[in-house]
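Quick note on numbering: the sequence shown equals residues 28 to 179 in the working numbering. Beta carbons are placed, not taken as given, at the ideal position from N, Cα and C, and that holds for glycine. Note that the structure is a prediction, hence the values are computed from the model and not measured. In what follows, a single structure is set out as structure tokens and then discussed.
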Amino acid sequence: MYVKRIMTLLRDLKVVYANTAIREVVEIMLSNGLTELPVVDKKNLFQGEISMRDILREALPRYIADGNLKDVSFAPGLFKFEDKLKDIMYKEVSAVMEKSIRTVSPEMSTFEVATLLAVSEYKDDIVYVVEKDGRLAGAVLISSIFRGLIKE
28 MYVKRIMTLL RDLKVVYANT AIREVVEIML SNGLTELPVV DKKNLFQGEI
78 SMRDILREAL PRYIADGNLK DVSFAPGLFK FEDKLKDIMY KEVSAVMEKS
128 IRTVSPEMST FEVATLLAVS EYKDDIVYVV EKDGRLAGAV LISSIFRGLI
178 KE
């Protein structure tokens with residue numbers, strides 16, 4: 028079985044643009060039960076991903092976001108967290124989004140995608156499917172693999 032048979036198609040995905048306000052992105056995520064969204068340009072060329080995790084990291088002091096301090100109960104700067112998070116809501120996606128995102132092709136086998144999602148250092152439940160010309164074609168979630176098996 029191949030990715031193109033199990034992926035969620037672009038037309039069924041929520042996408043955002045790099046110039047979309049973070050506040051709008053968070054509203055889309057909350058109203059659709061999502062924690063991440065693909066970022067595309069006007070031609071649907073894949074640009075990266077924006078996630079709630081990315082937004083939270085942006086609001087945290089860098090030494091915490093980078094994992095350099097494990098016990099944050101006494102960390103300086105935490106009292107500013109909520110104010111910083113509110114300020115981020117007015118930034119554009121491009122200021123926070125992750126640009127180095129692992130993608131797969133529609134021709135990749137489900138075995139390869141399952142391996143990527145389950146055992147590699149890639150710690151995510153979704154991988155984006157990108158055509159050779161860079162256009163976003165869709166996405167594969169871990170649940171897509173099971174759904175594909177059950178339908179057969």
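- Around the beta-carbon of residue 73, 16 or more other beta-carbon atoms lie within 10 Å, marking it buried.
- A contact between stretches requires three or more CB pairs, one per stretch, nearer than 8 Å, and the region 31 to 49 meets this requirement with the region 119 to 135.
- Collapsing the DSSP output to three states places residue 109 in a helix.
- Closest in C-alpha terms to residue 139, from the list 128, 158, 169, comes 169.
- Across the set 141, 133, 144, 113, the C-alpha of 113 shows the shortest separation from the C-alpha of residue 51.
- Looking at the backbone, the Cα of residue 69 and that of residue 158 are separated by about 16 Å.
- Your pair residue 30 and residue 163 does not check out as a contact, with CB atoms roughly 13 Å apart and the cut at 8 Å.
- When secondary structure is reduced to three states using DSSP, residue 72 falls in the strand class.
- With fewer than 16 other CB atoms across the displayed protein chains lying within 10 angstroms of its CB, residue 58 is exposed.
- Take the alpha-carbon of residue 134 and the one of residue 145: they are about 19 Å apart.
- In the three-state DSSP reduction, residue 85 falls in the helix class (H, G or I).
- At a Cβ-Cβ threshold of 8 Å, residue 62 and residue 166 do not count as neighbours.
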